[in-house]
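Enquirer:
There are 4 protein chains.
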Amino acid sequence: MKYTDKGAEGVRIAYVGGGSRGWAWGLMSDLVSCPDMSGEVRLYDIDKEAARRNEVIGNLFNGAEGARSHWDFRAADTLGEALSGADFVVISILPATFDEMESDVHTPEKYGIYQSVGDTSGPGGIIRALRLIPMIEVIAEGIREYCPEAWVINYTNPMTMTVRTLYRVFPDIKAFGCCHEVFGTQKLLASVLEDMCGIEGVKREEVKVNVIGVNHFTWLTSAQYKNIDLMPVYSEFVDKYYESGYTKGMDDNWMNNTFACSHRVKFDLFKRYGLIAAAGDRHLAEFVEGKWYLSSREAVREWGFGLTPVSWRKENLKERLEKSERRLKGEDIVIAETGEDGVSQMRALLGLDTLVTNVNLPNMGQIPNLPIGAVVETNACFSSNSVTPVLAGEIPMNIYPLISRIVASQELVVKAAGERDLDTVFVAFANDPLVDLPLDDARSLFDEMVENTKAYLGEYFK
Amino acid sequence: MKYTDKGAEGVRIAYVGGGSRGWAWGLMSDLVSCPDMSGEVRLYDIDKEAARRNEVIGNLFNGAEGARSHWDFRAADTLGEALSGADFVVISILPATFDEMESDVHTPEKYGIYQSVGDTSGPGGIIRALRLIPMIEVIAEGIREYCPEAWVINYTNPMTMTVRTLYRVFPDIKAFGCCHEVFGTQKLLASVLEDMCGIEGVKREEVKVNVIGVNHFTWLTSAQYKNIDLMPVYSEFVDKYYESGYTKGMDDNWMNNTFACSHRVKFDLFKRYGLIAAAGDRHLAEFVEGKWYLSSREAVREWGFGLTPVSWRKENLKERLEKSERRLKGEDIVIAETGEDGVSQMRALLGLDTLVTNVNLPNMGQIPNLPIGAVVETNACFSSNSVTPVLAGEIPMNIYPLISRIVASQELVVKAAGERDLDTVFVAFANDPLVDLPLDDARSLFDEMVENTKAYLGEYFK
Amino acid sequence: MKYTDKGAEGVRIAYVGGGSRGWAWGLMSDLVSCPDMSGEVRLYDIDKEAARRNEVIGNLFNGAEGARSHWDFRAADTLGEALSGADFVVISILPATFDEMESDVHTPEKYGIYQSVGDTSGPGGIIRALRLIPMIEVIAEGIREYCPEAWVINYTNPMTMTVRTLYRVFPDIKAFGCCHEVFGTQKLLASVLEDMCGIEGVKREEVKVNVIGVNHFTWLTSAQYKNIDLMPVYSEFVDKYYESGYTKGMDDNWMNNTFACSHRVKFDLFKRYGLIAAAGDRHLAEFVEGKWYLSSREAVREWGFGLTPVSWRKENLKERLEKSERRLKGEDIVIAETGEDGVSQMRALLGLDTLVTNVNLPNMGQIPNLPIGAVVETNACFSSNSVTPVLAGEIPMNIYPLISRIVASQELVVKAAGERDLDTVFVAFANDPLVDLPLDDARSLFDEMVENTKAYLGEYFK
Amino acid sequence: MKYTDKGAEGVRIAYVGGGSRGWAWGLMSDLVSCPDMSGEVRLYDIDKEAARRNEVIGNLFNGAEGARSHWDFRAADTLGEALSGADFVVISILPATFDEMESDVHTPEKYGIYQSVGDTSGPGGIIRALRLIPMIEVIAEGIREYCPEAWVINYTNPMTMTVRTLYRVFPDIKAFGCCHEVFGTQKLLASVLEDMCGIEGVKREEVKVNVIGVNHFTWLTSAQYKNIDLMPVYSEFVDKYYESGYTKGMDDNWMNNTFACSHRVKFDLFKRYGLIAAAGDRHLAEFVEGKWYLSSREAVREWGFGLTPVSWRKENLKERLEKSERRLKGEDIVIAETGEDGVSQMRALLGLDTLVTNVNLPNMGQIPNLPIGAVVETNACFSSNSVTPVLAGEIPMNIYPLISRIVASQELVVKAAGERDLDTVFVAFANDPLVDLPLDDARSLFDEMVENTKAYLGEYFK
């Protein structure tokens, strides 16, 4: 890599999960839109064919209208080949297939447990973590071997447990996790400014928030636009839309647009705790007692959000595969801003800018009343070769029970999965707020979910 | 006070709630049994007649068989009179009457919420705290004024919130809270030694335990008798008696003898978490999801413990009043060891001995992963004019969710009650593991319970 | 205040010490240069005449070449008048006169103690703090009364003890302390890049540093320019210039230009500890054993820095008074960038930008191994109505002894001065690394310095 | 091991350094005096002949008048043989010979640095640690391999760095360090009670103290006898004896009796800080600026303590060798209470008693404002298979600079010695309060001391 008057040239990015037909395409678009970075992207995927197709598509993006820099996309045959000498590593993988995810999400329904996403917390998130953690261990070891100085950006869910595992395996790793859920809440607050104060055109970055919590269960303890304290304004907004929900300005990110929410869960949590929960309602609902928002399909509908069935994901995947076909032919190669922070973060880490945004990092004290080492989400400051969390402060006592239980559970799962100890994983499983079952039933469910996904759990049965 | 070859003479004890017909009589018996302390006990009670009757009874104890020291018992007309120059203050009061307690315990039953005790946690414990906290504030202010150097021993429930309030009002107070529930678990472990290892006659003090948690929801992270690690032994014991429960060696303490438990809740918690919950099952059950052990009267019966109806307490009070009548006549004045630590603690604080036992104190780091200042229960070392907690260690991650939520809730209630802020108290109420209700129902229940006990909640409606 | 398309209008700044002929003029220049803020500045000074003259001068700045916004400058008769409704408060005062400072700096010379500045640490800094702390208490109380929501920027030395006192008196104050010493070190590192790597024109803001320590005794644990780790480069630079010192690119800030340094102290500290001390050598030398760099005038000369005699300050004051005369006549009203961060910080706090820079704030955990509450200097993130420290990390063990002793001393002085307890202040005085004296001599010196400045220490003798 | 009605039988003790002619004999005497423990002691020493002689002497102790239990003493040929299956391990070794110690203590005198002991802190303590740490690593590894569950009692100096190294190598070790220096201060306080209050016959255990600090630089933040607060009494005592020193009731422990102190250093430290330094003056003097108490032989004499020349140790060793000869012949085998806590600690760990006493343990929060993991000295509670520190509290700010610098230095030395990194060791060496030298001189001294003892520092030059 070198710096010229055009910025940083020769930047090397390894993309693990590089056959992706979602995040990978978004990154392609963001990279070629960025005027002051260029280099190469090595796409590694266990589905090698997918990586190769993305190599073609990626290189086509260099010619798209609006492209401002050039990137060489290249499929890598091995993880080592992708990682060697990388400046950045992006991790965005699916642990197993949508068949396993189908079990994660839908098996618990037999016991009356509904999950709106099923990839982060709850029974689905925990079983998914079991499959994922051994994979992440391999990636972490690869990074230690091939590019120990690289910055590692994780997008894989469950986010917290992924980042925690990266650090468990390689404590000196320079890794963090990125998620756009807080951005969605900032956009909602921009809408609040329009709706309640008549202030239009506020960008989400202009809404300054203090972020605290764990990924997908993040909270804002303050929200400010210029000299306007948004907390009382939001309070009135909640009163106005509590019953109806608020559906304008909905997030149209590709991951979310088919399953919008009306923010009623968020509003209800505000009524309970006086703080702004800062993620999509589908995620938030999974971190609290199941009966609050997820007791039945009807309840979910009333609360104004959607359960995302895995059948939808399978269908959507087909569409994305078709899109892949079209793109391979050079169609549909269109640059569209994703709103993700990944490329901005890289620029800041290369010293081309300074950025303050929310990320997932091990707790070094940024949240003093959560365990040191646990992965938490707060704002952090990005600058040359450095990501430093800001001191977000203590979790307020009213939401402390909700968050501390999740943190403890995730800590337990990561440690136990690292030791391939299913019985201890089950302790966390049975503690989960969605697993509102007698102990025997909880164990039956756990065993069934493990059985269903056993093809990917070989490590636990050695 | 002075020291002679007989020990400490002229010790002054103020007993707040000195009309009591339980703890007070126990203390009388323990005091006159103690050979190396003598002095006076000032009995203060808002029921002055009760205090005066106890003055008579107390003085009669000096003549009981086995009495080894002399104490002057004296009813005090005012709190200030009782406290002036006291070396020790004992606090053991009932906030309001059993009518209010009846509402605390039984009103939630309308919503399917059963409470086995209802004085510590759960809806009953929280509403009881609302009445109690303003009373404790007055006592703390009295101590600051009349005897700031006195050692203050609290027996009042809810224990945690009482001790926390004492320190909130008077940060330099030398107060701690005492509870015998851990002793009962030590006795159970002595039975385990007999049942599993054939070792008879072990005293509870010989079973060395590391205590961690909050009052009535304490846990043992280790238990050792000489060179025997009791954790694996207990594990086998749990397997043996899990279904049947274990009923030998039941606690016959006056507070508990009518409502024994078979330890099945304790065994179930051990199966879940691998740690020994160290309180009576009636208490333990109230700190976890209601549906685990308290879903119905039938479930409670199956789990082998009892709900203590307030009607029983009212009936029992009548018996105790009758006993009071007899005692006033000099009958039934019998010294019987209570097994409580109060007098031993006083002796140690006077420098007559060293004692290590479990008490409730503000967290100064003895449990590093709970909030500083929150009241926790651990072992502490008592010696001349000093109570110092031992470093009990971190709450293990598997039970951390259960304990941290309770601590947070109690912190919230104490602060909010101190500010007479019912809405914030309600946040904790709605978070309680027993309050498994929709938010509206939770609020209705809260409002009803407040209404029922409003005569004692005037402070909140000023 | 309101926001228009020109930015923030009607911003109200209170300047305490507004008769200043240094910082105040710098701020005038910076304010009128700032295109997107306008409003008024109330100048309060116990020297009312000085404030009134600055009112005239300030208003003249509006007409200077390059002025881009309009500010009303206005002398305020009382502190309350200045503070009422202020959005920002600037504190930049001299505690007493240069006569008292003469005693602070030069009396210790009788005992062989030389001080290069004498306003921060060492005997001079401590005695200065005694005079200052009661004044700061009055200001803090005024802020609580008149503008509790204002952001307070302190420039007064001793910085640490001033900021600590502001928070001690008014714990909810929104105050921080600003200092340009780290900037000077960033500039030195820019010179290093030129000298060692041939990279020219690097701005100090582009050198990204992790700042840790206390004001004037700050250290850099990392320094990075783009992808260049400056630590090994600096190490070679130190080797190159260790003997000769490095004098190019010297700071020409008005406060420093007459007493430049050759960085030999900084280089020596790097040789000892492998970390970059980040303040002027005159300041650094005062925080370590006197005999290292301050044993005699000759030693100071050899180390390549200067002792700043108070006679120079008196002389310089005369020049500044003459300049004041000229400015009153409209001469010499020239806008010159000061390089200070004050106006940038205000802009960020108003939501017009985001800024990451070093400031002095109470430790909330940003330096986990220093006491909570002690004022420390680290980077912080400024955005709308918020200053949040970043997690700077632990003080490395090799410099921990040097810094922890200073922190403890400052904590002790602030507390003791707050209680007007000279004997405890003396404990810190005698512990000071410069006060390398037998206890009796230390006390004689202390008493003499107190006596010399007694006119301003009345509070301690009530 | 088994328990009978006589207590614990078959207890196995490994004594590393078992050829010792001091501590080993004391332990023999204490063991056979203890009625409720018996078993075997394996004596391991690199001087095998010395161990064999102690085998004979130890077995003779079983027949001494007053012996109440039987112990088999047995020389072990290898460390592994000594450690296998041990219940307790005692470590009491001399790193190298008195020739090396001669260099440690006396080489710095060339530079005007006097050391009264030279085995704990200061240049002598640091160089001694360099030799010792690799030896301790071998022992720690042996314990991990042969007796990982054993309790390990260290008496070797430097105490702090030894215990720290044990935990660094084997984090699950059950080790602590014992030292009698605090006992001596308790005895002094008993004398204070006699001298000032006319209370005679107080035992040192009855003086209850809160111990805080690091070994040989421990402080008492409270001292209480029954209801007497000893702090004000001690203050008057200090005034009375400040000039003359106090020499009655001098410690006659074998280690100390030839070099008594008059407590003037202790008194002076009390005058400075208002807290009781709790070790012999010879030790205390080495932790503060050399010029305070160790500036010259004359100064030491005036301060009323002694420098212990290594020539004395060599002479004393001859006497002890002669004593060894006599003892081998069965002469002089006399039981004499040592006043050490070792055997009491073993009894408590075996569940035969409960004991609260001061020990050296890694900081788990017992001193919240010192680094976690650093070895500190506080009280701890000993019971069955458990040593738990009590929460000693924060180091007061007035002595924090003195203690924190020592802790940091020891942390640095242990880490650097573990990595065989002499340059970093030198950073700590140059920081030492006794090493009041220009950097070049400090390095010359360091290099000379390393050179002098190079025969034992081979590990650092591989």
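Going down the list, the sequences are from chains A, B, C and D. Counted from 1, the first sequence has number 558 at position 362 by our numbering; the numbering is strictly sequential. Counted from 1, the second sequence has number 362 at position 166 by our numbering; the numbering is strictly sequential. Counted from 1, the third sequence has number 449 at position 253 by our numbering; the numbering is strictly sequential. Counted from 1, the fourth sequence has number 416 at position 220 by our numbering; the numbering is strictly sequential. C-beta: ideal position from N, C-alpha, C; glycine also.
For Met451(C), which residues in the same chain have their Cβ closer than 6 Å to its Cβ, ignoring the five residues on either side in sequence?
Expert: Bear in mind that a pLDDT of 48 at Met451(C), under 50, signals an unreliable position, so the number given afterwards is only what the model happens to contain. Cβ neighbours of Met451(C) beyond the five flanking positions: none.
Enquirer: When you compare each of Lys658(B), Gln382(B), Pro634(B), Val461(B) to Glu615(B) by their alpha carbons, which one comes out closest?
Expert: Out of Lys658(B), Gln382(B), Pro634(B), Val461(B), Lys658(B) has the C-alpha closest to the C-alpha of Glu615(B).
Enquirer: Of the residues Gly308(D), Asp232(D), Leu290(D), which one's Cα is nearest the Cα of Leu328(D)?
Expert: Leu328(D) has its Cα closest to that of Leu290(D), out of Gly308(D), Asp232(D), Leu290(D).
Enquirer: In the structure shown, what three-state DSSP assignment does Trp499(B) receive?
Expert: Residue state, collapsed to three classes: coil.
Enquirer: Could you work out which residues of chain A lie near Met593(B), taking near to mean beta carbons separated by less than 7 Å?
Expert: Here the neighbours are Ala604, Glu607, Leu608.
Enquirer: For Glu482(A) versus Ser317(A), is the C-beta distance shorter than 9 Å?
Expert: For Glu482(A) and Ser317(A), yes; Cβs fall inside 9 Å.
Enquirer: Rounding to the nearest angstrom, what Cα-Cα distance links Ala475(C) and Val252(C) in this structure?
Expert: In a straight line, the C-alpha of Ala475(C) is about 35 Å away from that of Val252(C).
Enquirer: If the cut is a Cβ gap below 9 Å, which residues of chain C does Asn411(D) touch?
Expert: Result: empty, since nearest Cβ-Cβ is about 18 Å, beyond 9 Å.
Enquirer: Spell out a yes or no on whether the region 509–524 of chain B and the region 343–356 of chain B are touching, meaning 3 or more CB-CB pairs, one atom from each, closer than 8 Å.
Expert: Touching, no.
Enquirer: Does any residue of chain A have a CB that is nearer than 9 Å to the CB of Asn565(B)?
Expert: Chain A, which has a Cβ nearer than 9 Å to the Cβ of Asn565(B), makes this yes.
Enquirer: Here's the rule: buried if 16 or more other CB atoms are within 10 angstroms of the residue's CB, otherwise exposed. What is Pro367(C)?
Expert: Per the 10 Å Cβ criterion, exposed.
Enquirer: Note down the Cα distance separating Gly380(A) from Ser605(C), rounded to an integer number of angstroms.
Expert: One C-alpha to the other measures close to 48 Å.
Enquirer: Tyr469(C) touches chain D at which residues, Cβ-Cβ below 7 Å?
Expert: Under the 7 Å cutoff, chain D gives Val623.
Enquirer: Would you say Tyr596(D) reaches chain C, if we count a Cβ-Cβ gap shorter than 9 Å as a contact?
Expert: It does: the Cβ of Tyr596(D) has a partner Cβ on chain C nearer than 9 Å.
Enquirer: Do you know how far the Cα of Val429(C) is from the Cα of Ser440(C)?
Expert: Cα to Cα, the separation comes out at about 18 Å.
Enquirer: Mind checking if Glu485(C) is an interface residue toward chain D, Cβ cutoff 9 Å exclusive?
Expert: Yes, because at least one Cβ of chain D sits closer than 9 Å to the Cβ of Glu485(C).
Enquirer: Under the rule that 16 or more other beta-carbon atoms within 10 Å means buried, what is Val555(C), buried or exposed?
Expert: Looking at its Cβ environment, which holds 16 or more other Cβ atoms inside 10 Å, Val555(C) is buried.
Enquirer: Arg601(A) touches chain B at which residues, Cβ-Cβ below 9 Å?
Expert: In chain order: Tyr596, Pro597, Leu598, Ser600, Arg601.
Enquirer: Compare the Cα-Cα distances from Gly214(C) to each of Asp273(C), Tyr438(C), Val228(C), Met542(C) and report the closest residue.
Expert: Among Asp273(C), Tyr438(C), Val228(C), Met542(C), the Cα nearest to that of Gly214(C) is on Asp273(C).
Enquirer: How many angstroms separate the CA atom of Ala246(D) from the CA atom of Asn255(D)?
Expert: About 14 Å.
Enquirer: Quick one: grab the DSSP three-state call for Ala325(A).
Expert: It is helical.
Enquirer: Going by DSSP in three states, Asp315(A) sits in which element: helix, strand or coil?
Expert: Asp315(A) falls in the coil class under three-state DSSP.
Enquirer: With three or more beta-carbon pairs closer than 8 Å as the criterion, would you say the region 276–292 of chain C touches the region 329–344 of chain C?
Expert: Contact between the region 276–292 of chain C and the region 329–344 of chain C is present, because at least three Cβ pairs lie under 8 Å.
Enquirer: Are the beta-carbon atoms of Asp609(B) and Ala325(B) separated by less than 9 Å?
Expert: Just to set this straight, residue 609(B) is Val in the shown sequence, not Asp. In this structure, Ala325(B) lies closer than 9 Å to Val609(B) by Cβ.
Enquirer: Give me, in chain order, the residues of the same chain whose beta-carbon lies closer than 7 Å to that of Asn258(C); leave out the 5 immediate sequence neighbours on both sides.
Expert: Val228, His266, Trp267.
Enquirer: So, with DSSP's three-state summary, where would you put Val623(B)?
Expert: DSSP places Val623(B) in helix when its eight states are reduced to three.
Enquirer: Closer than 7 Å by beta-carbon distance: list the chain D residues that pair up with Asn627(C), in chain order.
Expert: Chain D residues near Asn627(C): Pro597.
Enquirer: Since Gly203(D) is in the alpha helix (DSSP H), which residue starts that stretch and which ends it?
Expert: No alpha helix (DSSP H) holds Gly203(D); the beta strand (DSSP E) holding it covers 203–212.
Enquirer: What residue from Glu333(C), Val571(C), Lys198(C), Tyr240(C) has the CA that sits closest to Ser216(C)'s CA?
Expert: Checking every option, the nearest Cα to that of Ser216(C) belongs to Tyr240(C).
Enquirer: Check the Cβ of Leu587(A) against every Cβ in chain C and list those closer than 8 Å, keeping chain order.
Expert: By Cβ distance, chain C contributes Met560, Gly561, Gln562, Thr584, Pro585, Val586, Leu587.
Enquirer: Along the beta strand (DSSP E) that carries Phe366(C), what are the first and last residues, could you check?
Expert: Segment: none, Phe366(C) is in no beta strand (DSSP E) and carries neither H nor E.
Enquirer: Short check: CB of Ala626(D) to CB of Arg468(C), under 9 Å?
Expert: Cβ atoms of Ala626(D) and Arg468(C): closer than 9 Å.
Enquirer: Helix, strand or coil for Ile742(C)? Go by DSSP, reduced to three states.
Expert: Residue 742(C) falls outside the range modelled here, since chain C spans only 197 to 658, and no answer is possible.
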